[in-house]
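What follows is a set of notes on a single structure, which appears directly below.
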Amino acid sequence: MAARRVIKRPRLTDDHKRRRLAWCLARQKWNLRTWRRIHWSDESRFLLHVTDGRLRVWRHRNTAYTPRNIRQTVPFGGGSVMVWGCISHDCKLDLVTIRGNLTGDQYMRHVLEPAVVTHFDNHPLATRPVYMDDNARPHRSRAVVDYLQNNAVTTLPWPAMSPDLNPLEHVWDILGRRIQAMQPPVQTLRELEAALHREWLQVTREQIRRLTGGMRRRVDAVIRARGGFTRY
């Protein structure tokens, strides 16, 4: 037995588990042809300075406060950049930087209109994609719901507390690891934003297809867990 890092997951109530299980059971038989129509979207916030709180240093007794043994911190990570992204089995839309706090109006003007609706309009109605976003308040405002309906954008119902069912979460992990591994590290929010857009472009179709092509495994994992936590 040894100490291990605690795995973080959203808090699941019995109702969350029931809804997650029902969602997966309803889609258990979907094949890749069906899954590939789904366009998975999400927002993610990246901190300028990241630490997992587990930094260690080798030092002699009573030298804890010598300058070389101190890691200076920056309040709230020194600021952050929020971005919106969208992937499917066959495409990756342009990354969008979210300025300030996301509102329903901003979601329509800066994400849905220029990115989602424009892209969906390039598809015939019979084969139009299906748009997935989570249940965040800006996504479910009356104005947003009406806007999507008026523009013939079909949405995928979504069970709350289910990041493990969204393959885009793993793309955020890829970006986060790449940003943290940069040498020299990014120093400003402008550098962080530029790095995120640059690394987004470097995510390959093969990487995305490995994620989107595994949706049946994700669904089966939730079913086996009776709506509970999975390894994804």
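Final position of the sequence shown in UniProt numbering is 232; the numbers increase by one with none missing.
Even glycine gets a Cβ: it sits at the ideal position worked out from N, Cα and C.
Q. Hey, how far is the Cα of SER44 from the Cα of HIS110?
A. Going from the Cα of SER44 to the Cα of HIS110 covers about 15 Å.
Q) Closest by CA to SER41, which one among LYS17, VAL219, PRO129 and ASN150? A) If you compare the alpha carbons of LYS17, VAL219, PRO129 and ASN150 with that of SER41, the shortest gap goes to PRO129.
Q. Does the pairing of the region 206–217 with the region 31–40 give three or more beta-carbon distances under 8 Å?
A. Yes, since at least three Cβ pairs between the region 206–217 and the region 31–40 fall closer than 8 Å, the two stretches touch.
Q. In chain order, what residues of the same chain lie with their CB nearer than 7 Å to the CB of ASN151, ignoring the 5 residues before and after it?
A. For ASN151, where only same-chain residues beyond five positions count, the Cβ hits under 7 Å are VAL117.
Q | Unbroken beta strand (DSSP E) run spanning HIS170, endpoints | A | For HIS170, there is no enclosing beta strand (DSSP E); the enclosing alpha helix (DSSP H) has its first and last residue at 168–180.
Q: Alpha carbon to alpha carbon, how far is THR155 from ASN135? Give it in angstroms, no decimals.
A: Between ASN135 and THR155, the C-alpha separation is close to 12 Å.
**Q.** Buried or exposed (CB count within 10 angstroms, at least 16 for buried), LYS92
**A.** Burial of LYS92 is indicated by the presence of at least 16 other C-beta atoms within 10 angstroms of its C-beta.
Q | Simplified DSSP state of ASP15, which is helix, strand or coil | A | Here ASP15 sits in helix by DSSP.
Q.
Between MET108 and ALA160, how many whole angstroms is the CB-CB distance? I'm expecting something under 8 Å.
A. Not confirmed; about 22 Å, so no contact.
Q: Determine the direct distance from the alpha carbon of PHE229 to that of ARG11, and round the result to whole angstroms.
A: Whole-angstrom Cα-Cα distance: 10 Å.
Q. With a CB to CB cut of under 7 Å and the five nearest residues on each side skipped, what residues in its chain are close to ALA194?
A. Closer than 7 Å at Cβ, skipping near neighbours: no residue.
Q.
Relative to the C-alpha of THR81, which candidate in ASP164, VAL222, LEU192 and VAL203 has its C-alpha closest?
A. Correcting the residue identity first, residue 81 is Val in this sequence and not Thr. When each option's Cα is compared against that of VAL81, the closest is LEU192.
(Q) Checking 8 Å against the spacing of the C-beta atoms, do LEU165 and ARG218 come in under that value? (A) Against a cut-off of 8 Å, the Cβ pair of ARG218 and LEU165 comes out as a contact.
Q.
Suppose contacts are defined by Cβ-Cβ distances below 8 Å. Is ALA115 in contact with VAL145 by that definition?
A. The answer is no: Cβ separation not under 8 Å.
Q: Would you mind sorting PRO167 into buried or exposed? The rule is 16 or more other CB atoms within 10 Å of its CB.
A: Buried, because 16 or more other Cβ atoms sit within 10 Å of the Cβ of PRO167.
Q | Neighbourhood of LEU175 by C-beta, 7 Å cutoff - its chain only, sequence neighbours within 5 removed | A | Same-chain partners within the cutoff: LEU196, GLU199 and TRP200.
(Q) Please list the terminal residues of the continuous alpha helix (DSSP H) segment that includes GLU191. (A) Boundaries of the alpha helix (DSSP H) around GLU191: 189–202.
Q. To which residues of the same chain is TYR232 closer than 6 Å at the C-beta, ignoring the five residues directly before and after it?
A. Annotation for TYR232: ASP164 and ARG218 place their beta carbon closer than 6 Å to its own, counting only its chain and skipping 5 residues before and after.
Q) Between ALA26 and THR103, what straight-line distance do the alpha-carbon atoms span, to the nearest angstrom? A) Approximately 31 Å between the Cα atoms of the pair.
**Q.** Whether ARG178 touches LEU21 by CB criterion (8 Å)
**A.** The Cβ atoms of ARG178 and LEU21 lie no closer than 8 Å to each other.
Q) Buried or exposed: where does GLY79 fall if 16 or more other Cβ atoms within 10 Å of its Cβ makes it buried? A) By the 10 Å Cβ count, GLY79 comes out exposed.
Q | Paired residues, beta bridge with GLU206 - DSSP | A | Paired residues: none, contrary to the question.
Q: Would you mind giving the Cβ-Cβ distance between residue 257 and TYR147, rounded to the nearest angstrom? I have them listed as a contact below 8 Å.
A: Nothing can be reported for residue 257, as the shown portion of the chain is limited to 1 through 232.
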